[in-house]
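Q: Okay, here's the structure, questions in a sec.
There are 2 protein chains.
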Amino acid sequence: MALTTREKDFSAWYNELVEQAELAQSSAVRGCMVIRPYGYAIWENMQKNLDAMFKKTGHQNAYFPLFIPKSFFSKEAKHVDGFAKEAAVVTHYRLRNDGKWGIEVDPEAKLEEELIVRPTSETIIWNTYKDWIQSYRDLPILVNQWANVVRWEMRTRLFLRSAEFLWQEGHTAHATAQEAFEETVKMRKVYQDFFKNFLAISGVAGEKSENERFAGAENTYTIEAMMQDGKALQSCTSHYLGQNFAKAFDVTFINKDNKSELVYATSWGASTRMMGGLIMSHGDDKGLIVPPGIAPIHVVIVPIWKTDDEKAMVKTFIEKKIMPQLEAVNFTIQSEFLGDVTIPLQMKVDRDDQKSPGWKFNQYELQGVPVRITVGPRDVSNGGVEMVRRDNGVKQTVNVVDLQKHVDVMLPAIQHSLLEKNESMRVKNTVTVDSYEEFTKALDEGKFVMAHWDGTVETEELIKEETKGTIRCIPQDTTEELGKCIRTGAPSRKRVLFARAY
Amino acid sequence: MALTTREKDFSAWYNELVEQAELAQSSAVRGCMVIRPYGYAIWENMQKNLDAMFKKTGHQNAYFPLFIPKSFFSKEAKHVDGFAKEAAVVTHYRLRNDGKWGIEVDPEAKLEEELIVRPTSETIIWNTYKDWIQSYRDLPILVNQWANVVRWEMRTRLFLRSAEFLWQEGHTAHATAQEAFEETVKMRKVYQDFFKNFLAISGVAGEKSENERFAGAENTYTIEAMMQDGKALQSCTSHYLGQNFAKAFDVTFINKDNKSELVYATSWGASTRMMGGLIMSHGDDKGLIVPPGIAPIHVVIVPIWKTDDEKAMVKTFIEKKIMPQLEAVNFTIQSEFLGDVTIPLQMKVDRDDQKSPGWKFNQYELQGVPVRITVGPRDVSNGGVEMVRRDNGVKQTVNVVDLQKHVDVMLPAIQHSLLEKNESMRVKNTVTVDSYEEFTKALDEGKFVMAHWDGTVETEELIKEETKGTIRCIPQDTTEELGKCIRTGAPSRKRVLFARAY
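Each protein sequence line maps, in turn, to chains A and B.
Count along the first sequence from 1, add 536, and you get the number used in this note's numbering.
Count along the second sequence from 1, add 536, and you get the number used in this note's numbering.
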């Protein structure tokens, strides 16, 4: 079934795409999703490359408990308000037969202290770091965890906002504020490298306003990407936590001057939300478009035949002529932190004879496979194959002996073109305004809006209330300029980025 | 601090090793562990190779919800008794400020139906497969999930029995009983390949007795490894589930004869318990011994110096003469399912000048790094280095130009020797007995015991009560022979494997 077009109903388009491309689906548990194999394969490629970046920058993985004692959340005052509210609470540890047809919670098995399913792990991790840190020699600790977390969201959407989601959370401990701060910025850059060079997403990097900051952080950095409906998606965050968690969990160290000091912290994370960002950045009315840098399948080969003879002929041609060419393809991503990353070409030959070529074309377009190759009996005779680029739909017939050369060029071209398109969409749809009327109009039109703001939480909330526009970030590359707040007219020194957001 | 010896107190040895080698530690949450970076790095290598085997045998990864509605557990009658008892139960979804110093569970936010934190995922997965399966063309489904699960164990031990643990669980769906059964056996073989060729653990493969079977399974296959105290550790399981879960969740398909039929199922899993098995299989009184096939560090280089000149000289020697040799090392594991797997050599140079060489030797012995190389100023002058094999403690001085050749040979030799030692320990400590007296005595001596059993659950439970010995498995490679049950004297056709177990 054809997708609703993006223009007609962006939200319906998204939901249908996620389902029809077999990326994810809702489950029997409210707000919890099932990530289907094809969606999970994309997630695994995201994981693999991000993980390599974390390791390259000196981090190690570890694993901390799923549950957090309720009392831990009271220890960091701001953190309570921000995080402990909408959470899954474990109160009992046993079930029993109810003597009728089912089972019931055993009232005898009530926990003395309730356990919260982690919404994020700062508290349990800093409670652990206390054991690991005595002196400056134990620092820095550069640890990351891949895990599931739970936030009991009331309105959920697959990948974008779900009760349970998958993510990574880095938690580092440092001897100086300077070093921790540098780590925070470095990790924001790691994400930017990943978004740009693997996901082909060009976001706006910057700092969050106080109001939008992580609960317990002193600074929060983010990358805000523009979705095709003009809304912003916060794609990752990197927090400088100062000594807040060290204070809450009493984590001190003996510094080089032999004095006891509180440890400095950062945390940083990115989640399966990136899947939503990927879909809404690159998808079109035919379905998803996966950048080759993270595609589970780069090239799909669809054989076409009528008779058994033709089938055999096409099969031999694919195995003898096409596959060896594809196996020789070299596809490389240039990454700032990883250098040149060689991506082994993944191909799939779809020999399913229960499904028509048309059905297959449609399916691989939905799933966003970058290149499709079609081979029929006539192609075998001519020694040629038909190639179609998913991102721009351009078809070409190429001599099979030149196939490797073509794919060698085509995959980086797609990667590059997706990034360029994404960047130009964002740049084209970013406006600078100086009146509240223009401001509201621009938000209604789905723009990123650069505007002056007086720097107060009150004005920020007023603007949010009146326009649903929020400060996405204070972009890092804007220069100071004197101006007047778009809403109050009070003096301002810098434009900030407003948008409606997911 | 030196470890308690295995002979003196095996259990204390284990606990101390896990802590001192920095593999894992207890957390603030009862029964939940923290897996520390070095322990997690070993787990990641286990994951990587097992995952490659699963993919090689046609499986894909996916992800299913952490929570399972309580009512799902009532649907498969045997499964209820086996799994829904000691579980973490989520009853509320919100906390609130208690108006004093902390937070409390909001009584208004009670779930209509309680959610169970998954102890295993058959129920939620089969509820999902119902949507995926209409006809035989949708089968087989070959899916695996890497996840955390929770079982509220009363007596917990790091890696061996914890409330939360990490594992993988494969869940496959098939059109015929035969195909599902073959999958069950194949996955048991995959595990055996992994244990033998990567972990250097030689277990006994076989089938579980009815009493020890997975709740809801028709057949359960396992590999039982012998720990150095003579106890058995169930290292993995592979279950043929028949149509039990399809029936419970009403999962039918239209078969080739156009008739509706219930789907056939398997599930199979291995967990962080393997970490415990690894430790107790190969460790010695100095600490862990990690087989090179899954070692996070293969070779550690400890430089020794007194003066700054010496330090610089040793550093240059390491970088110019040693590291290039090690980078050229070829280490390959032969795997039945993966073929030849080339393992990139991981080396670490420990330049920490706050710690003495002696401290470092001790630490890397504790952590079981397969090869240690020591380089001092005299070695630089002589052009030689000292190598020590962790598994047998043998030291040798080799010319640095021959280093690659030596390591090329040494890593497979260690891998091979660990497997051989493990196998011979098990074989040597496996006895065949024909009287109950010998039987009990052998169990007391920490043996694996092959004995006749009359095939009834009653006798099995009686033996367990009297001796703490359980049927670990009915080994696949034993032949039928007539005999009498060790306990009742009733006729028996096959010896089974008894042992005390973790």
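Every residue, glycine too, gets a C-beta built ideally from N, C-alpha and C.
All values derive from a computational prediction rather than experimental measurement.
1. Please confirm if the stretch 729-739 of chain A is in contact with the stretch 700-709 of chain A, defined as three or more CB-CB distances below 8 angstroms between the two stretches.
2. May I have a chain-ordered list of the beta strand (DSSP E) segments no shorter than 3 residues that lie completely inside the stretch 686-754 of chain A?
3. Taking a contact to mean a Cβ-Cβ separation below 9 angstroms, would you say A/V503 touches A/L1033 in this structure?
4. Suppose only complete runs of 4+ residues qualify. What are the alpha helix (DSSP H) ranges in the stretch 863-932 of chain A, listed by chain order?
5. Given this structure, state the Cα-to-Cα distance separating A/S796 from A/T788, to the nearest angstrom.
6. Are there 16 or more other CB atoms within 10 angstroms of the CB of A/K636, so buried, or fewer, so exposed?
7. Where does B/K983 land, buried or exposed, given buried means 16+ other C-beta within 10 angstroms?
8. Closer than 8 angstroms, Cβ to Cβ, to anything on chain A: give me those residues from the stretch 583-610 of chain B, in chain order.
9. Report yes or no: do three or more beta-carbon pairs, one from the stretch 896-914 of chain A and one from the stretch 842-852 of chain A, lie closer than 8 angstroms?
10. Could you give the uninterrupted runs of the beta strand (DSSP E) lying entirely in the stretch 948-997 of chain A, keeping only those of 3 residues or more?
11. A/W549 to A/M961, Cα distance in whole Å?
12. Which word fits B/M582, buried or exposed, when buried means at least 16 other C-beta atoms lie within 10 angstroms of its C-beta?
13. For B/R1036 and A/V686, I'd like the C-alpha separation in whole angstroms.
14. Can you round the beta-carbon distance between A/S803 and A/E658 to whole angstroms, since I take them to be within the 8 angstroms contact cut?
15. Exposed or buried, A/P860, counting other C-beta atoms within 10 Å across all chains shown (16 or more means buried)?
16. Whose Cβ in chain B lies nearer than 7 angstroms to the Cβ of A/K621?
17. Using the Cα positions of A/A864 and A/E959, report the straight-line distance between them to the nearest angstrom.
18. When you compare the CB of A/G638 with every CB in chain B, is at least one pair closer than 9 angstroms?
19. Which residues in chain B sit within 8 angstroms of A/P906, going by Cβ to Cβ distance?
20. Which residues of chain B have a Cβ atom closer than 8 angstroms to the Cβ of A/Q951, listed in chain order?
21. Please classify A/N680 as buried or exposed, where buried requires at least 16 neighbouring CB atoms within 10 angstroms.
22. Please list the terminal residues of the continuous beta strand (DSSP E) segment that includes A/T802.
23. Which residues, in order along the stretch 558-569 of chain B, keep a beta-carbon less than 8 angstroms from a beta-carbon of chain A?
24. Relative to the alpha-carbon of B/V937, which residue among B/R925, B/Q951, B/N918 has its alpha-carbon at the smallest distance?
25. Can you name the residues that DSSP bridges to B/W682?
26. In three-state terms, what does DSSP make of B/K621?
27. So for A/L675, helix, strand or coil by DSSP?
28. A/I830 and A/I578 - do their beta-carbons sit closer together than 9 angstroms?
29. Starting from A/I837, follow the beta strand (DSSP E) in both directions and report where the run begins and ends.
30. Here's the rule I'm using: 16 or more other beta-carbon atoms within 10 Å means buried, otherwise exposed. How should A/N663 be labelled?
31. Compare the C-beta of A/R673 with all C-beta atoms of chain B and state if any pair is closer than 9 angstroms.
32. Find the nearest neighbour of B/N597 within the set B/M690, B/W703, B/L954, B/R654, judged by alpha-carbon distance.
33. State the Cα-Cα distance for the pair B/V726 and B/N780, rounded to the nearest angstrom.
34. So, with DSSP's three-state summary, where would you put A/M763?
35. So, for B/I854: in the same chain, excluding its five sequence neighbours on each side, which residues have a beta-carbon less than 8 angstroms away from its beta-carbon?
36. I want to see whether chain B comes within less than 9 angstroms of A/N794, judged by CB atoms only; does it?
A: The short version:
1. Fewer than three pairs of CB atoms, one per stretch, sit closer than 8 angstroms, so the stretch 729-739 of chain A makes no contact with the stretch 700-709 of chain A.
2. Listed in chain order, the complete beta strand (DSSP E) runs (minimum 3 residues) inside the stretch 686-754 of chain A are 700-710, 740-743.
3. Any property of residue 503 of chain A remains undetermined from this structure, which presents chain A solely from 537 to 1038.
4. 893-902, 913-918
5. 6 angstroms
6. exposed
7. buried
8. Q596, N597, A598, Y599, F600, P601, L602, F603, I604, P605, K606, S607, F608, F609, S610
9. In short, these stretches touch, since the Cβ pair count reaches three.
10. 966-968, 984-988
11. 19 angstroms
12. Buried, because 16 or more other Cβ atoms sit within 10 Å of the Cβ of B/M582.
13. The alpha-carbon atoms of B/R1036 and A/V686 are separated by roughly 39 angstroms.
14. A/S803 to A/E658, Cβ: 6 angstroms. Contact.
15. Counting other Cβ atoms within 10 Å of its Cβ, A/P860 stays below 16 and is therefore classed as exposed.
16. R630, L631
17. 31 angstroms
18. yes
19. Here the premise fails: no neighbours, minimum Cβ distance about 19 angstroms.
20. Those within 8 angstroms of A/Q951 in chain B number zero; the least Cβ separation is about 24 angstroms.
21. buried
22. 800-807
23. Q561, S563, A564, V565, C568, M569
24. B/N918
25. B/Q704
26. B/K621 falls in the coil class under three-state DSSP.
27. coil
28. Result yes, Cβ atoms of A/I578 and A/I830 sit closer than 9 angstroms.
29. 835-839
30. Counting Cβ neighbours within 10 Å, A/N663 comes out buried, since at least 16 surround it.
31. Yes, its Cβ sits closer than 9 angstroms to a Cβ of chain B.
32. B/W703
33. 24 angstroms
34. coil
35. I837, P839, V885, V911
36. no
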